[in-house]
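Student: For reference, the structure I am asking about is given below.
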Amino acid sequence: MSEERKRILKMIEDQVITAEEAEELLESLKHAENVEKEETEQQQQDLTTKVDWNAKQEQHYYETESTKKRFMNFVEDAVKKIKNVDLDFNFGHSYQVSHIFQYEGVSFSEVYLDISNGSTKVIPWEEEDVRIECEAKVYNAESRDAARKFFMDEKKFLVDDDSLRFAIASKKISASVKLYIPKKEYEKVSLRMFNGSIHSEHLHAEELRAKTANGSIKLSHMRGDEWDIASSNGSITLKDIVCNELETESLNGSIKLDGEFGKVDSQVVNGSIHCDWQGDQGHTGFFKSLTGSIRINLSDDRRIDGELKTSVGSINCNIPEFRVIEEKKDVLKKELRFEAHPEKEKTLHLEAETKTGSVKVNSND
């Protein structure tokens, strides 16, 4: 595997780009390699009476650098600037500020975290205290002391019997925040970022709101009742989740869901949706993508009432012994209404629709 392909796969692993974006990069890289191959073949056909082996070697290195590595460097720089809003360019030099906030003997049931730039990670732990670790960059400060003062003045931190609130509103601060809270059930958790990622695991939040304008959201080993997860520009990944009502939305980025859900409403404009729906609590599922594919894996322990639609893609239903109720196979309109496991007592109503991608429904069992 070439070094450039490894770098593309690394960007997928780090959730810098989506699988669809990676596919486009691989196609462009393939084109660049073809151009390089054609140029090399043309050079081999040219005749010369004097061969400078050192010059040939340098020329070949330059061509490789221009067609592949320079292409990948451009892509990575562009992606990083988009994801990080190029703070260094906008605000210039920054000072590093580190600070730890500690609060003992807490009993709140609600958490509100609101950060403009940086990243957020919520970590339940066995202690009865709150700990907030901040690693921040402060821009446009005249000195390190001024940067620390500006950070302390801009942060908002409040803990009472009902809630914990921590916020950094200034866009001149890019803060990596790790929030440690007692491991218990919380009534409401709100995590908001303007520019940055949101991560959490092993958190029990009955009501969860996690939203970012520019960044990925990754949640794992969590449970709750009513969740609303949204990213305007970034992927959403939920793994090993138990949630009664789940709503996920992304304008530009893939959505991956894995867990036990009652109701799922998942929408994306530019990106794919992949859902591994476990358990026997599912009753309603709505999945919609404008430009990406939809993949849904379902268990066989309940009746399935399904409706699948696509304009220019394909439809595949791999549920054992499903019955076709209605099917259309027009050039620009494909639909499939089906029923499966009619002997089961409880019903899962499923709707999946995409404009330019394919729809596939499989069995988990």
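Under UniProt numbering, residues 1 to 365 are what the sequence shown spells out, in order. Ideal placement from N, C-alpha and C gives every residue a C-beta, glycine not left out. Note that this is a predicted model, so its numbers are computed, not measured.
Taking only the alpha-carbon atoms, compute the straight-line gap between Asp-305 and Leu-298 and give it to the nearest angstrom.
Tutor: 12 Å
Student: Can you grab the Cα-Cα spacing for the pair Ser-170 / Ser-197, in whole Å?
Tutor: 17 Å
Student: May I ask you to verify whether the region 195 to 215 touches the region 118 to 137, counting CB pairs closer than 8 Å and requiring at least 3?
Tutor: Taking 8 Å as the limit for Cβ pairs, the verdict is that the region 118 to 137 does touch the region 195 to 215.
Student: Please go through the same chain and pick out, in chain order, the residues whose beta-carbon is closer than 6 Å to the beta-carbon of Arg-223, but skip the five residues on each side of it.
Tutor: The beta carbon of Arg-223 is closer than 6 Å to those of His-204 and Val-242 in its chain, skipping five residues each way along the sequence.
Student: Taking C-alpha atoms, which residue in Gln-267, Glu-187, Glu-327 and Glu-135 lies nearest to Ser-98?
Tutor: Of Gln-267, Glu-187, Glu-327 and Glu-135, the residue nearest in Cα terms is Glu-135.
Student: Can you tell me whether DSSP reads Arg-148 as helix, strand or coil?
Tutor: Helix, per DSSP.
Student: If I follow the unbroken beta strand (DSSP E) through Glu-206, where does it start and stop?
Tutor: It spans 204 to 212 - the beta strand (DSSP E) in which Glu-206 sits, taken as one unbroken run.
Student: Per DSSP, what are the beta-bridge partners of residue 448 in this structure?
Tutor: Outside the displayed range of the chain (1 to 365) lies residue 448, so it cannot be described from this structure.
Student: Report the option in Lys-239, Glu-327 and Asn-318 whose CA atom is closest to the CA atom of Thr-310.
Tutor: Glu-327
Student: Inspect the CB distances between the region 229 to 239 and the region 143 to 158 and report whether three or more fall short of 8 Å.
Tutor: no
Student: Would Glu-249 and Gly-262 be called neighbours here (beta carbons separated by less than 8 Å)?
Tutor: Between Glu-249 and Gly-262, the C-beta spacing is not below 8 Å.
Student: With a CB to CB cut of under 8 Å and the five nearest residues on each side skipped, what residues in its chain are close to Ser-143?
Tutor: If the five residues before and after Ser-143 are omitted, its C-beta is found closer than 8 Å to the C-beta atoms of Tyr-95, all from its own chain and listed in chain order.
Student: Whose C-alpha, out of Phe-101, Ile-255, Lys-155 and Lys-344, is nearest the C-alpha of Ser-235?
Tutor: Ile-255
Student: For Ile-130, which of Lys-178, Gly-271 and Arg-209 has the nearest alpha-carbon?
Tutor: What sits at residue 130 in the sequence shown is Val, not Ile. The shortest Cα separation from Val-130 among Lys-178, Gly-271 and Arg-209 belongs to Lys-178.
Student: Should Arg-295 go down as buried or exposed, given a rule of 16 or more other Cβ atoms within 10 Å for buried?
Tutor: buried
Student: Quick one: residues in its chain with C-beta nearer than 7 Å to the C-beta of Asp-365, no 5 flanking neighbours on either side, listed in chain order?
Tutor: Ser-299 and Asp-300
Student: Per the contact definition of three or more C-beta pairs closer than 8 Å, is the region 272 to 284 in contact with the region 321 to 341?
Tutor: no
Student: At which residues does the beta strand (DSSP E) containing Glu-126 begin and terminate?
Tutor: Element bounds for Glu-126: n/a, residue is neither H nor E.
Student: Any beta carbon of chain B sitting closer than 8 Å to that of Arg-148?
Tutor: Protein chains in the displayed structure number just one, and chain B is not present.
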